[in-house]
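Encoded as structure tokens, the structure appears first; notes follow it.
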Amino acid sequence: MSLLAPAFLFGLLAIGVPIWLHRLSSENPNRQPFSSVMFLEPGEPRRVLAKQLRYLLLFALRVGVLLLLALVFAGIALEGSLQNILSETARLHVIVMDRSASMAHGSRWERAQVIADTIVDGLDASDVVQVVAADRIIEVLAEPSLERAPIRQAINAAEPSLFRVDYGQLMSSMDSLLRGAELPVVLHILTDAQQSALPTRFADLAPRTSLELIVHNVSVSGEENWALDGLVWSALSGDLTANLRSYSEQDVERTVTLLLNGTEIAVQNISIEAGQTAQVNFMDVELSAGANQVVAELSPSDELSLDNERYLVVKQPIPRPILLVSSNNRNDASFFLTSALETLATQTYEIQRIFPTELASHSFENYVFVVIADAGALTENDSAVLSDFVGSGGAVFMALSQRSVGLNFVPITRHSLSSFSQFRAEQGGFLAVGNMDSSHSVLSQLEGLRTAKFYRHIPVDIEPIDTVLMRLEDGSPLLIEHPKGQGRVMIFTSSLNREWNDLPLQPVFVPFMAQLSSYMAGDDRISIDARLGSTLSSRAMGFSGGQIFAPDGQKALGLAGAGAGDEVIVDQIGFYEVLASGQTEFVAVNIDAQESDVTPMPANGFIRWNELGSTPVETTEGGIEMIDDASTDLWPWFLSLLLVVVIVESWVGNWHLRVRRGIAA
Numbered sequence: 233m234s235l236l237a238p239a240f241l242f243g244l245l246a247i248g249v250p251i252w253l254h255r256l257s258s259e260n261p262n263r264q265p266f267s268s269v270m271f272l273e274p275g276e277p278r279r280v281l282a283k284q285l286r287y288l289l290l291f292a293l294r295v296g297v298l299l300l301l302a303l304v305f306a307g308i309a310l311e312g313s314l315q316n317i318l319s320e321t322a323r324l325h326v327i328v329m330d331r332s333a334s335m336a337h338g339s340r341w342e343r344a345q346v347i348a349d350t351i352v353d354g355l356d357a358s359d360v361v362q363v364v365a366a367d368r369i370i371e372v373l374a375e376p377s378l379e380r381a382p383i384r385q386a387i388n389a390a391e392p393s394l395f396r397v398d399y400g401q402l403m404s405s406m407d408s409l410l411r412g413a414e415l416p417v418v419l420h421i422l423t424d425a426q427q428s429a430l431p432t433r434f435a436d437l438a439p440r441t442s443l444e445l446i447v448h449n450v451s452v453s454g455e456e457n458w459a460l461d462g463l464v465w466s467a468l469s470g471d472l473t474a475n476l477r478s479y480s481e482q483d484v485e486r487t488v489t490l491l492l493n494g495t496e497i498a499v500q501n502i503s504i505e506a507g508q509t510a511q512v513n514f515m516d517v518e519l520s521a522g523a524n525q526v527v528a529e530l531s532p533s534d535e536l537s538l539d540n541e542r543y544l545v546v547k548q549p550i551p552r553p554i555l556l557v558s559s560n561n562r563n564d565a566s567f568f569l570t571s572a573l574e575t576l577a578t579q580t581y582e583i584q585r586i587f588p589t590e591l592a593s594h595s596f597e598n599y600v601f602v603v604i605a606d607a608g609a610l611t612e613n614d615s616a617v618l619s620d621f622v623g624s625g626g627a628v629f630m631a632l633s634q635r636s637v638g639l640n641f642v643p644i645t646r647h648s649l650s651s652f653s654q655f656r657a658e659q660g661g662f663l664a665v666g667n668m669d670s671s672h673s674v675l676s677q678l679e680g681l682r683t684a685k686f687y688r689h690i691p692v693d694i695e696p697i698d699t700v701l702m703r704l705e706d707g708s709p710l711l712i713e714h715p716k717g718q719g720r721v722m723i724f725t726s727s728l729n730r731e732w733n734d735l736p737l738q739p740v741f742v743p744f745m746a747q748l749s750s751y752m753a754g755d756d757r758i759s760i761d762a763r764l765g766s767t768l769s770s771r772a773m774g775f776s777g778g779q780i781f782a783p784d785g786q787k788a789l790g791l792a793g794a795g796a797g798d799e800v801i802v803d804q805i806g807f808y809e810v811l812a813s814g815q816t817e818f819v820a821v822n823i824d825a826q827e828s829d830v831t832p833m834p835a836n837g838f839i840r841w842n843e844l845g846s847t848p849v850e851t852t853e854g855g856i857e858m859i860d861d862a863s864t865d866l867w868p869w870f871l872s873l874l875l876v877v878v879i880v881e882s883w884v885g886n887w888h889l890r891v892r893r894g895i896a897a
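Following our numbering, the residues of the sequence shown are numbered contiguously, the last one being 897.
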């Protein structure tokens with residue numbers, strides 16, 4: 233029981249008023265007629281203080297009015313259906329249900345629910361129980377209670393999610409949740425003991441609060457799974473490759489079906505050996521212009537159907553022009569650049585080649601970016617024109633080649649240069665690529681660049697705002713990104729022909745130019761996939777605003793609950809649709825591949841985890857008061873009773889007044 237405004241209880245002091253009145257009121261106001269007393273000697277009056285309460289019924293009613301009035305204003309409420317005093321042996325049993333995607337495998341979830349019900353059945357009447365779900369976050373499904381009905385209801389209503397669980401984060405979250413517990417805690421974790429969910433350090437599984445830990449393994453030996461854990465589009469060949477993985481001890485035959493924009497276009501059968509991986513290649517897939525939705529399906533379905541589909545968005549850009557500025561159309565730098573870009577299956581660019589002298593007469597509005605084969609061919613006027621283009625949001629890729637020798641600074645960016653270009657000191661020597669930022673989209677998965685030999689380059693002094701994406705072995709910058717206004721300039725400190733390096737002859741040159749052109753054109757700004765559990769917003773995709781629809785077709789709610797969905801949590805697998813600025817973009821979301829691995833942790837590891845929380849918990853001294861959280865306001869009932877008591881008090885008070893005045897019969 234609680235009071236919403238306990239300060240009003242000071243009003244109970246007013247009970248003293250009727251006590252004072254009923255003890256001191258002794259004069260009878262009823263006068264009787266009598267003959268003249270003028271000849272009687274007056275006696276000395278005696279004053280007697282009344283020592284007993286009079287009119288007890290009226291007194292009780294008046295005290296009741298004041299008592300009820302104080303309780304009404306104090307806002308009395310009853311917390312729960314009953315106040316309970318727990319015994320010394322009471323425990324708080326916390327049932328944590330692993331709600332990760334792998335728990336949907338076969339009958340794992342049903343076994344977890346049965347174990348949870350069994351735990352509840354075995355509790356003492358004085359034990360308190362709480363139900364918690366664990367996946368991406370910790371969610372309390374049922375607050376601590378002595379009542380068993382809401383606990384069972386929470387267990388039966390829970391379902392597996394699409395997210396994964398990290399056991400280290402789980403234990404850390406439970407420490408925070410149980411830190412203020414007033415009862416000894418018994419922590420029950422119902423999980424499939426997935427090996428892929430183990431933290432890097434086994435010590436992270438140890439609870440940091442005093443509790444008894446019981447881990448229940450709902451997986452059984454012999455469980456198996458087959459999954460599609462990857463779907464990749466090749467920018468060079470235009471092929472789609474589906475990756476399959478076996479978590480089984482037997483060889484099987486499976487079928488992979490490929491759907492493009494909702495239409496089945498190919499079917500292939502594949503043999504998957506026990507515990508191995510396999511690949512299915514779909515060649516010469518013809519994509520439509522714009523965003524394409526690609527789905528690979530694995531059949532027949534197994535006991536974990538969530539990973540039998542893989543989603544991918546492949547963008548086929550509409551042909552757009554690139555301006556290539558070269559002093560000689562027969563220059564092999566132009567030849568290598570043109571050949572590389574024209575061989576790309578996923579990027580269609582129309583390359584227009586001009587002389588530097590023609591720059592002044594060209595408008596750059598229609599070009600996605602500009603390539604300068606040799607920065608030394610630019611005049612001061614050309615540099616000024618291109619500088620304005622970059623400042624307004626354009627992009628320029630510029631190489632330093634033979635005509636750049638002797639320059640004091642780089643055109644457009646004004647970077648300082650050394651007075652001479654540098655050859656390798658020893659005859660026939662070369663420099664290879666040293667450090668490179670592989671996390672950048674330009675250099676992602678391009679380790680083959682390290683095989684290229686650079687015989688000559690021009691040193692560039694780096695500015696604080698620059699990002700050096702690639703360096704040579706001696707530390708000299710090789711690829712520099714320089715922001716300027718709303719645009720950017722990429723500086724390659726060597727040539728794009730065979731005179732200064734052999735990069736154009738390396739197989740990695742074509743994918744390098746593919747990723748570089750995609751970055752310069754801004755194609756990589758549109759996210760085509762997102763991680764389950766991450767946030768997705770139209771602004772992060774380069775739009776000023778828009779709406780996001782989930783794979784189920786419903787408008788995704790924003791983090792603040794707004795229907796506009798400016799930033800949403802990605803909590804479904806499939807294709808999210810983003811509508812903004814008159815455009816429609818799609819984002820693919822897949823299940824975490826780690827959830828496909830149904831392999832349980834080793835038996836000795838499972839035993840060690842249980843032993844980490846086997847420290848006996850201390851019993852409490854005396855009873856501990858536990859109150860159900862659900863509260864019921866009682867002041868309306870007290871208000872109704874107050875009205876009744878006021879009416880009765882008024883009637884009883886009038887009756888006593890009539891008696892004292894001799895009016896009563």
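Built from N, CA and C at the ideal position, the CB exists for glycine as well. Only a predicted model underlies this, so the values are computations on that prediction, with no experimental measurement involved.
Exposed unless 16 or more other CB atoms sit within 10 angstroms - verdict on residue i
i      : result
Phe587 : exposed
Glu881 : buried
Asn483 : Sequence inspection shows Asp at residue 483; the Asn mentioned does not correspond to that position. When all chains shown are included, Asp483 counts as exposed.
His448 : buried
Glu455 : buried
Gln747 : buried
Gly717 : exposed
Trp883 : exposed
Arg331 : buried
Glu541 : buried
Leu737 : exposed
Arg809 : As written in the sequence, residue 809 is Glu, which differs from the Arg given in the question. Buried, since its Cβ has 16 or more Cβ neighbours within 10 Å.
As assigned by DSSP and simplified to three states, the class of residue i
i      : result
Asn209 : The structure shown has nothing for residue 209, since the chain only spans 233 to 897.
Thr611 : coil
Gln634 : helix
Gln426 : strand
Ile723 : strand
Asp461 : strand
Ala788 : coil
Asp761 : strand
Arg646 : coil
Leu618 : helix
Ser907 : With the chain running from 233 to 897 in the structure shown, residue 907 is simply not present.
Met833 : coil
Leu394 : coil
Arg432 : The sequence as given places Thr at residue 432; Arg does not occur at that position. Three-state result, Thr432: coil.
Val880 : helix
Pro416 : coil
Arg771 : helix
For residue i, the first and last residue of its enclosing alpha helix (DSSP H)
i      : result
Gln401 : Tyr399 to Leu410
Ala389 : Ala381 to Ala389
Leu748 : Phe741 to Ala753
Thr350 : Arg340 to Asp353
Residue range of the unbroken beta strand (DSSP E) whose run includes residue i
i      : result
Gly806 : Gly806 to Ala812
Met329 : Leu324 to Asp330
Gly666 : Val665 to Met668
Ile586 : Tyr581 to Ile586
His448 : Glu444 to Asn449
Pro553 : Arg552 to Val557
Top-ranked residue by Cα proximity to residue i, from the options
i      : options                           : result
Leu443 : Leu293, Val642 and Arg323         : Arg323
Thr509 : Pro739, Pro416, Val877 and Asp829 : Asp829
Met406 : Val328, Ala389 and Thr589         : Val328
Leu460 : Trp869, Ile497 and Leu530         : Leu530
Glu695 : Gln677, Asn729, Phe744 and Phe641 : Phe641
Gly785 : Thr767, Gly777 and Ile805         : Ile805
Val637 : Arg771, Leu610, Ala627 and Phe662 : Leu610
Leu299 : Ile879, Leu445, Leu873 and Ala413 : Leu873
Query raised in the report: Is the number of C-beta pairs between the region 395–414 and the region 359–369 that are closer than 8 Å three or more?
Result: yes
Requested in this report: Count the CB pairs spanning the region 486–505 and the region 425–432 that are closer than 8 Å, and state whether there are at least three.
Outcome: By the Cβ criterion, the region 486–505 is not in contact with the region 425–432, since fewer than three pairs of Cβ atoms, one from each stretch, lie closer than 8 Å.
Query raised in the report: Quick one: any contact between the region 508–525 and the region 463–478, if contact means 3 or more CB pairs under 8 Å?
Result: yes
**Report entry** Cβ pair count under 8 Å reaching 3, the region 374–384 against the region 337–344
**Finding:** no
Report task. State whether the region 825–844 contacts the region 536–546, with contact taken as three or more CB pairs (one from each stretch) at a distance under 8 Å. Result -> yes
Report task. State whether the region 723–735 contacts the region 705–713, with contact taken as three or more CB pairs (one from each stretch) at a distance under 8 Å. Result -> yes
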